[in-house]
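Undergrad: So the protein sequences, as listed, match chains Y and S. Per my numbering: the first sequence = residues 11 to 283. Per my numbering: the second sequence = residues 30 to 323.
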Amino acid sequence: MTTNRIRHIGLCLAGALMMYPLLWMLSSSLKPGATVFTQPGLWPASWDLTNYPDGWTALEHPFSLYLANSFVIVILSIIGNLVSCSLAAYGFARLRFTGRRLFFALMLGTMMLPGHVLLVPQYVVFAKLGWLNTYYPLLVPNFLATNAFYIFLMVQFMRALPTELDDAARIDGCGPFRTFWKIIMPLSLPAFATTAIFTFISVWNEFFGPLLYLTDSELYTVPLALRQFMDSEGQSQWGQMFAMSFVSLAPVIGFFIAGQKYLVKGIATTGLK
Amino acid sequence: MSVARYRRQDKSGYIFLLPWFIGMLFTIIPFFASLYLAFTDYNLLNPPEWVGLDNVREMLADDRLMQSLKVTVIYTVVSVPLSLAAALGVAMLLQHGIRGLPVYRAVFYLPSLLGSSVAVVILWRYLFGVDGVINKGLALVGITGPAWTTDPSHALTTLIILHIWTFGSPMVIFLAGLRQIPAAYYEAASVDGAGPWRRFISVTLPLLSPIIFFNLVQALIASLQTFTQGFVMSGGTGGPADSTLFYNLYLYLRGFTQFDMGYASAMAWVLFVLIAMLTAVNFLAARYWVFYDD
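#1: If we ignore side chains and look at the alpha-carbon of each, how far apart do L307/S and L253/S end up?
#2: Can you check whether the C-beta of S41/S is within less than 7 Å of a C-beta belonging to chain Y?
#3: For W214/Y and A148/S, what's the separation of their Cα atoms in angstroms?
#4: Note down the Cα distance separating F136/Y from E228/Y, rounded to an integer number of angstroms.
#5: If you pair each beta-carbon of the region 157 to 176 of chain S with each one of the region 110 to 120 of chain S, do three or more pairs fall below 8 Å?
#6: Can you tell me whether DSSP reads D226/Y as helix, strand or coil?
#7: Name, going along the chain, the residues of the region 64 to 81 of chain Y whose beta-carbon falls closer than 9 Å to a beta-carbon of chain S.
#8: Identify which residue in H125/S, A248/S and L282/S has its Cα closest to the Cα of R361/S.
#9: Once you ignore the five residues that flank D70/S on each side, which residues in its own chain have a CB closer than 6 Å to its CB?
#10: Is there a C-beta anywhere in chain Y that falls below 7 Å from the one on S31/S?
#11: Are the region 114 to 133 of chain Y and the region 240 to 260 of chain S in contact at 8 Å, needing three or more beta carbon pairs?
#12: Here's the rule: buried if 16 or more other CB atoms are within 10 angstroms of the residue's CB, otherwise exposed. What is L89/S?
#13: Do V107/S and I189/S have their C-beta atoms within less than 7 Å of each other?
#14: Flag Y321/S as yes if its beta-carbon sits less than 7 Å from any beta-carbon of chain Y, otherwise no.
#15: Tell me, to the nearest whole angstrom, how far the beta carbon of A155/Y is from that of G52/S; I am working on the premise that it is less than 8 Å.
#16: I304/S lies in the alpha helix (DSSP H); which residues open and close that run?
#17: Quick check: what's the CA-CA separation for I83/Y versus R227/S?
#18: Run the CB neighbour count on F187/Y, radius 10 Å, all protein chains shown included, and call it buried at 16 or more, exposed below.
#19: Just the C-alpha distance for G60/S and G284/S, rounded to the nearest angstrom, thanks.
#20: Is it the case that the region 58 to 74 of chain Y contacts the region 192 to 199 of chain S, given that we only count it when at least three CB pairs across the two stretches are under 8 Å?
#21: Say whether the region 197 to 217 of chain S touches the region 229 to 249 of chain S, bearing in mind that this needs 3 or more beta-carbon pairs closer than 8 Å, one atom from each stretch.
#22: Can the beta-carbon of F162/Y be found closer than 7 Å to that of S198/Y?
#23: Count Cβ pairs between the region 253 to 263 of chain Y and the region 95 to 112 of chain Y that sit closer than 8 Å; are there 3 or more?
#24: Within its chain, find whatever has a CB closer than 7 Å to the CB of G325/S; leave out the 5 residues flanking it on each side and keep chain order.
#25: What separation, rounded to the nearest whole angstrom, lies between the Cα atoms of A235/Y and V261/S?
#26: On a Cα-Cα basis, can you pick out the residue from A270/S, N72/S and G206/S that is closest to A278/Y?
#27: Name the DSSP bridge partner or partners of W79/S?
#28: Between the beta-carbon of S38/Y and the beta-carbon of F208/Y, is there less than 7 Å?
#29: Counting only Cβ pairs nearer than 7 Å, list the residues of chain Y close to I51/S.
#30: Have a look at M30/S and Q38/S and give me their C-alpha separation to the nearest angstrom.
As structure tokens, this is what we get:
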């Protein structure tokens, strides 16, 4: 009993330490900018709610534009990953065709490939296509199943479904496409949910791609916009900067709370099998 | 199974894989193209010019490159073991059906989803500022904290701490792995007189070793490719005094601000070869310490 209590006390202390930076950010976003560093303590001694509306309009464009840009990229990326990765996963998990093992090994190999090896030639191709300063370089790869991690996740899930389902569907006259659409896809919705949430979080946080390909500030995503706060840092802006930082984290935290079950399951599957 | 039916599945298999095949072209062709570019001088405007091993020679004499390698290796060697140890330690505390597990797990897992966001790196910069919360806390116990972010000997430390803060995702994998260890093993060990430490060494560690191995390989590969943290913390320069100049940040600066794209390709390939070798060594070493139950 006592060891259990010590364990809880230890975990609570460690948990408080983990949460402290985020709580400090929230608290700083509610304080007048000049007092962020002079007034210690998480509970603001004086409140300043204007950080949010002021921060919203502090940059070249209203923050809603950056949020909208990020959302467009995130939603299209989710659609792309779900469609292309689930098709590939079904092929790998349920169909028999020549070269399947080889292609599967190749797919696993690309999971370990450092992205920067492809960077320069891809940039050159995108430049030649006239795609610089557009969203295409950020979106098109997601429609081409280039995220091997998600294919792998879905393959693991689909392999665990009983093969009798496919046999029964075939006897009832379903081809592979109807079997995928009517049987496997509905049963794989948890894997779809995991993929969607992981895509949301990673694309929402993605910094390098937008930094490389977007130059026009009208096209900026939230991470690029936040960076501008640092370039123009001054006392009065601290509160605003933390306010918009918190706005940028809120969707991730929201998705995390809503989808924790799928995230935990998804991440556990990839490590165990 | 008849030949006709086999062929039919062949066709539909390839149709399902069609997007992936096109995507693979976008992977394989750039893969070899960058190998070619590594032996050229290329600035995007003029056609690539073959220079043989000049880029490699330049790399060997490039102090900033060596510095970036040093930064990346120190960061990896320090932060990967520490974050995996934290992940395993907390996962051990969370097992055995502890009350409030979902809440604890959420609290420890959430930071790992935010650790690569620009918002959190900005936050870190201010937490570790001269007047930041960390130094205020240190002052309470009588320590004068350094200028974490502007002192070259401390800037990387802040990013190592940030990395450790994100131990949640390996922790979740450890938790799932711990749950698969049959309770009977622990009971048998207890009957034989094994205390908690002995049970950890002789039951938990060997049975968890495949998962430790997986987490280690993943974490090493990811850590060697760190970019955003160094970029945002230093305002894109890798400073102060190149102390946060990660390898990939230097690659970006050479390739995309100075447009030395041949050199950047050579750098990318060197990192790729290093990562491949490291992973191969890991797999070889795994024979001696990773234990498969079945």
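C-beta: ideal position from N, C-alpha, C; glycine also.
TA: Inspection of the coordinates gives the following:
#1: 11 Å
#2: yes
#3: 11 Å
#4: 20 Å
#5: no
#6: coil
#7: none
#8: With chain S covering 30 to 323 only, the question about residue 361/S has no answer from this structure.
#9: E78, V80 and G291
#10: Any reading at S31/S must be qualified, since the residue scores a pLDDT of 42, below 50, and its modelled position is unreliable; the value itself is stated next. Not closer than 7 Å to any Cβ of chain Y, the Cβ of S31/S fails to qualify, so no.
#11: yes
#12: exposed
#13: yes
#14: no
#15: 5 Å
#16: M290 to W318
#17: 51 Å
#18: exposed
#19: First, the amino acid is wrong: residue 60/S is Phe here, not Gly. Approximately 16 Å between the Cα atoms of the pair.
#20: no
#21: yes
#22: no
#23: no
#24: The structure shown has nothing for residue 325/S, since chain S only spans 30 to 323.
#25: 12 Å
#26: G206/S
#27: T69/S
#28: no
#29: L154
#30: Bear in mind that a pLDDT of 43 at M30/S, under 50, signals an unreliable position, so the model cannot answer this.
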